[in-house]
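In this note's numbering, the protein residues as written are 6 to 209.
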């Protein structure tokens, strides 16, 4: 006849349940970590895409301004005056409302719903800095520009820059005057032994 020395009935089941519980906890933790890393990666990608779209918005408007900046400042440049960005701020351009304040919220919206591909959109706003002028009167050739981009999964990004407009060389634009004067530099303050004195027609 067998004698039970120690009652251990059910111990194996309890140990198995404890082990299974621990393995379940470890598995859930690993799954949560994996999901979190995936979400972080997706968010980072979305943020980068939005940043690139905002950069595209900045470059889009800068490129457009290059062509109209000179056109709208010909008189200033010809007179040797500093150019300004009034034409950007005062609502004189078709489809652009005038700025109402020297802030982003009161700026002139130049691009609304600009697209990069089919899924990315950006808006670009410009406004005057605090230069002693008004919201539509630029006094120092500097304005602010901000692009805000939106991507399909809800990501957004904004880029803000200051933009300076000026003429290289710092001199007024003038016509060609190479033979003006009679000096070696064809000016009025240097000497030339073969200076031009007869300006009559040279071709018969």
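Glycine included, C-beta positions come from ideal geometry on N, C-alpha and C.
Would residue i and residue j qualify as a contact pair, given that the criterion is a beta-carbon distance under 8 Å?
| i | j | result |
| --- | --- | --- |
| residue 162 | residue 121 | no |
| residue 90 | residue 171 | no |
| residue 143 | residue 136 | yes |
| residue 148 | residue 129 | no |
Per the DSSP calculation, residue i is bridged to which residue(s)?
| i | result |
| --- | --- |
| residue 165 | 151 |
| residue 121 | 125 |
| residue 116 | 129 |
| residue 139 | 142 |
Do you know how far the Cα of residue j is from the Cα of residue i?
| i | j | result |
| --- | --- | --- |
| residue 22 | residue 156 | 48 Å |
| residue 127 | residue 39 | 32 Å |
| residue 96 | residue 46 | 43 Å |
| residue 180 | residue 79 | Only weak support is given to the placement of residue 180: the predicted model assigns it a pLDDT of 38, under 50, and the value that follows is read from those uncertain coordinates. Near 13 Å, if we compare the C-alpha coordinates of residue 79 and residue 180. |
| residue 27 | residue 48 | 31 Å |
| residue 167 | residue 74 | 15 Å |
| residue 35 | residue 24 | 16 Å |
| residue 42 | residue 59 | 26 Å |
| residue 50 | residue 44 | 10 Å |
| residue 158 | residue 165 | 23 Å |
| residue 17 | residue 29 | 18 Å |
| residue 65 | residue 98 | 17 Å |
| residue 72 | residue 81 | 16 Å |
| residue 77 | residue 138 | 19 Å |
| residue 111 | residue 100 | 16 Å |
| residue 184 | residue 123 | Note that residue 184 scores 44 on pLDDT, short of 50, meaning its location in the model is unreliable and no value can be drawn from it. |
| residue 20 | residue 37 | 26 Å |
What distance in whole Å lies between the Cβ atoms of residue j and residue i, which are believed to be in contact at a cut-off of 8 Å?
| i | j | result |
| --- | --- | --- |
| residue 106 | residue 146 | Rounded, the Cβ-Cβ distance is 20 Å, inconsistent with contact. |
| residue 160 | residue 52 | 6 Å |
| residue 31 | residue 150 | Residue 31 to residue 150, Cβ: 52 Å. No contact. |
| residue 102 | residue 113 | 6 Å |
| residue 133 | residue 104 | 7 Å |
Among the options, which has the Cα closest to the Cα of residue i?
| i | options | result |
| --- | --- | --- |
| residue 92 | 17, 167, 125 and 140 | 140 |
| residue 116 | 42, 26 and 67 | 67 |
| residue 54 | 65, 153, 133 and 75 | 153 |
| residue 109 | 94, 123, 100 and 98 | 94 |
| residue 57 | 138, 158 and 125 | 125 |
Strictly under 8 Å for the Cβ-Cβ distance: is residue i near chain D by that measure?
| i | result |
| --- | --- |
| residue 124 | Note that chain D does not occur in the displayed structure, where there is just one protein chain. |
Considering only heavy atoms of the ligand MN, does any lie closer than 7 Å to the CB of residue i?
| i | result |
| --- | --- |
| residue 169 | The ligand MN is not among the ligands present in this structure, which contains no ligands whatsoever. |
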